[in-house]
Each structure stands twice: as structure tokens, then as C-alpha cells.
Amino acid sequence: MHRFKSPHTVLFSRTAVPLPPGRRSRAMLAVTALLTFAALLLSLLLVEQGHAAGVVGDGTPASCTEQALRDALSDGGDVTFNCGDAHHTIVLSDDLEITDDTTIDGGGPSQGGRITLSGGGITRVFFVDYENRLTVRNLTIADGKEPGENGAGGAIYGDGRNVLTVENCILNNHDGTAGYVERSGGAIFTGDFSTLTIADSAFLNNRGINGGAINNQLSGLTITNSRFIENEALGGGSPDVRSGWGHGGGAVYIDGASEFHDDPTRGGQVIIRGSTFRGNTTAGQGGAIFSWVYPPDEVIIEETSFLENAVRVNLQGHAALGGGLYHGNGPLYVRNTTFADNLAERQGGAVWPDGNEPSFFTNVTFSGNRAITDAETAPAGWAGPLPEGAMPPILTAPSSITTLGTREGPSSLTRRTTTGER
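Residue numbers for the sequence shown, in our numbering: 1257 to 1678.
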């Protein structure tokens, strides 16, 4: 069949005929445009793959490695796990640095989820860079320990101006005793001007200098429906609690609730609600909680139990004050709460309120708390569950004290009872 042949085109020829210069230029432009489009399409595909990297694993435990986790965390955002139905543990060789706002969800219906992230006793688990947000949810975070001066926060270290949230997690067996005194906290250290929120979580068997589980510096703190069990503020890394040289806080250490600590018109809050503190120990002050705030900061504790906590006298002679709670320098409101079987080896078997700010106790039960004291050094009335001082605690009916005493026998307690609420 005859085909028309233009003077510039050869059809079905085995010999290539070069295009004129004008057409070569146009062809090169077309090829360049096509390559540019292909590169753009490839970059879009890579971005999509980057978002997909937020899932750790492909459905098998073997795919859920430390490197897979690091890859998923590299761009922040939401990170989940696809490691199969069984519980899976990822042991880290170094901490996970959070450089962008990140949410990590281990999945699973029970507290602690299906995933354990472990420091293996050699490294911290999370380091959160300045001004970043981290939410951990449905995770077990275990065995974190960071050596050196910045050894605080075996599970999470917030570098400052962070928003940290812990939901339905278990934080277990962390060691923050390598840090210096103020920046301690066995499981969590919250740097200045941050917000820390704990909900539906458990802190078990953690060790720190100040704050066996949590050290909170000039930051808002909210704890709800959580358990703090057998945490210790050892001090100086010694296995003997008496040799410690920190201030205290067997479970939680609080130094201010707001960045405006030097502004008398602006303050923050510490809110602890629906939680249990049991079997926590420290040397110094506050068997479960040490709290020192800056007016107008305030501390509110509601529907919480302080059970079998203890504050010991250490070898440096720090006074053992407040078997359950030591609080100072700001108003304290305690409601619908129980202090039972707490021990102070000096004064304030249950609570030691310090300073000239009032402490209000509404519908609070004190039972079986003890203070072991020397009659020569403790003023009358300071040995039982609550002390008398320049600003005695205000008990609002129907608060009750069922037992109190010292090693030598029952002790008296003068109370001011009011009927009003805050």
C-alpha cells in the first residue's frame, strides 16, 4: 500500500533521518518537560511513602525492629504498630529523639497496650526536643536509664516548653538516679515551662533522686485515674534510701506549676484526681509527693488514696516530714481523700503543710498514720498525721482522724474545723 511521504518524514525506514534544528529544539524541550513531570510525580510518591512509614511493621513481630521504629518517627506525626496480635518488645540501643510533634499508640485494649519499648537498662527511651509535643498511648515503657549528669527521666525527658501526655500506659523500672538533684525523676523529667498530663496510667518500681517517678519543674501537672506503686527517691544513686541527698518525693516531685514563678499575678495548677499512691518511699520530705509551689500556684488533690508510703531520715540528717505528702509555699486543697498507714520517721505521719499559705482538707480520712519523733525536738502536736505550725491545717467537716500517735504513745492534735468550702 502506497503511503504519502512528506519531505521531512520517512515512514517505515530502517535508517534514521535527523530532524531539522528547529524541531530538535522543540523535541528536547518536550523531553525536558516530561522528565520534570516524572520527577515531580516521583517526589509525590516518596512523600506518600513517608506518611506510610508511620506504621511500624508489616504484620509480623520480626518486622517491628528498632530501625523500623526510628524510621517511623523520623517525620513526627501519628505512629502506630502492626506487629501481630501478641505482645511485642522493642529493645533500644539509644534513646529516641523527638524532633517534631508526635503521637505514638501501641494499640490494644488493656493498660500498657501490646507494645513494650525498653531501654534495656542502658539508655533513656524518649528525649523530647525543646518546644515539641509528645503523646504516648497504650504503651509499656520499661527499663530506661541514662548515665551521666543528665540522667533524669528514664522513660521521657522533656527539654523544656513541651506538651507531654501519657495515656493508658505502664512506666516500669526506670532509673533517674544518675542526674543531678534538681533534674531527676525516675521515669519522667518535665523541663521548665511545660505541661504534663497523666491519665489512666501506672508508674511501678521507678527510682530517682527527687521524684521516684516524676520530676516536674515549673510546669503545669494533671494526674487522673493513675497508680504510683513502690517508687523510690533514693538520692545519689545509692541503693540505700537513707543515704540519699535529694529533697524527696517518693513518687512525684513538684517545683512550681508555672513559668510565671516570679509573677504574683499569674500562676499554675497541679491537679491530682482519682489516683492511688501506695508503698512509695523517700529520704527527706514527702513519702509519696513533695510539692513546693510559687504563689499564686495552687495544688488540688481529690478522690485520691495515700497508702503505706514512708519518709525516712537520711544520713545527711534531712528531716523526715510528711509520710504521704509534703507541701509548701502555696494553697493546698484536699478533698474526698484517704491517708492511711503512712509513716514519717520525724514529723507529720500523713501530711506536712509548710509555709504561711493555708491548707484545706474537706471530707478527708486519716487512719493509722504514724510519726516517730524525739520528744525533745518536736513541738507538741507535730508528731501525728498533721502538724500544728504557724498556719495549722483547716479541716472541713466531715473530715475524720481515727488514729494518730508516736512511738511513745498517742499524740494530741489541735484542729481548726470549718464548715465552708473553698
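Heads up, the beta-carbon is just placed ideally off N, CA and C, and yes, glycines get one too. Note that the coordinates shown come from a computational prediction; the quantities given were computed from them, not determined experimentally.
When Leu1390, Gly1432 and Gly1332 are compared, the shortest CA-CA separation from isoleucine 1454 is found for Leu1390. When the alpha-carbon of leucine 1474 is set against those of Ala1513, Gly1369, Asn1612 and Gly1315, the nearest one is in Ala1513.
The C-alpha of asparagine 1487 lies about 32 Å from the C-alpha of glycine 1333.
Straight across, the Cα-Cα distance linking phenylalanine 1617 with tryptophan 1608 is about 13 Å. Taking the Cα positions, histidine 1430 is about 8 Å away from glycine 1377. Inter-residue distance for isoleucine 1354 and serine 1655 is about 46 Å (C-alpha atoms, whole angstroms).
Residue pairing by DSSP places glutamine 1473 opposite Asp1511 in a beta bridge. Secondary structure note for arginine 1591: it is in no alpha helix (DSSP H), and the uninterrupted beta strand (DSSP E) holding it is 1588-1591. In the DSSP assignment, arginine 1602 falls outside any beta strand (DSSP E), carrying neither H nor E. In the DSSP assignment, alanine 1324 falls outside any beta strand (DSSP E) and within the unbroken alpha helix (DSSP H) covering 1322-1329. Proline 1609 sits in a strand when the DSSP states are folded into three classes. Take the alpha-carbon of valine 1347 and the one of arginine 1626: they are about 43 Å apart. Taking C-beta separations shorter than 6 Å and ignoring five residues to either side along the sequence, the partners of glutamate 1601 in its chain run Arg1568, Val1569, Ala1576 and Ile1628, following chain order. For aspartate 1334, the beta-bridge partners assigned by DSSP are Thr1359.
At least 8 Å separates the beta-carbon of glycine 1404 from that of alanine 1411. Comparing alpha carbon positions, the residue from Glu1613, Gly1604, Leu1325 and Gly1586 closest to glutamate 1554 is Gly1586. Short of 6 Å from the beta carbon of threonine 1421, and not among the five residues preceding or following it, lie these beta carbons of its own chain, in chain order: Thr1391 and Thr1453.
Proximity to serine 1531 across His1503, Thr1594 and Gln1525 peaks at Thr1594, based on C-alpha coordinates. Around the beta carbon of threonine 1358, a 10 Å sphere encloses 16 or more other beta carbons of the protein chains shown; the residue is thus reported as buried. Going by C-alpha positions, histidine 1583 is about 6 Å away from aspartate 1610.
Residue nearest to phenylalanine 1459 within the set Cys1339, Arg1483, Gly1467 and Ser1330 is Arg1483 (criterion: CA-CA distance). Here the alpha carbons of threonine 1621 and glycine 1363 stand approximately 38 Å from one another. Contact check for threonine 1433 and glutamate 1402: beta-carbon distance about 10 Å, past the 8 Å limit, so the pair fails to qualify. For leucine 1642, no beta strand (DSSP E) segment is defined, and its DSSP state is neither H nor E.
Put simply, of Ile1485, Ile1528, Phe1533 and Gly1467 the residue whose alpha carbon is nearest the alpha carbon of aspartate 1511 is Gly1467. The criterion of a C-beta distance shorter than 8 Å is not satisfied by asparagine 1424 and threonine 1396.
For isoleucine 1556 and isoleucine 1527, the gap between their C-alpha atoms comes out near 5 Å. Straight-line spacing of the CA atoms in proline 1614 and histidine 1343 works out to 48 Å.
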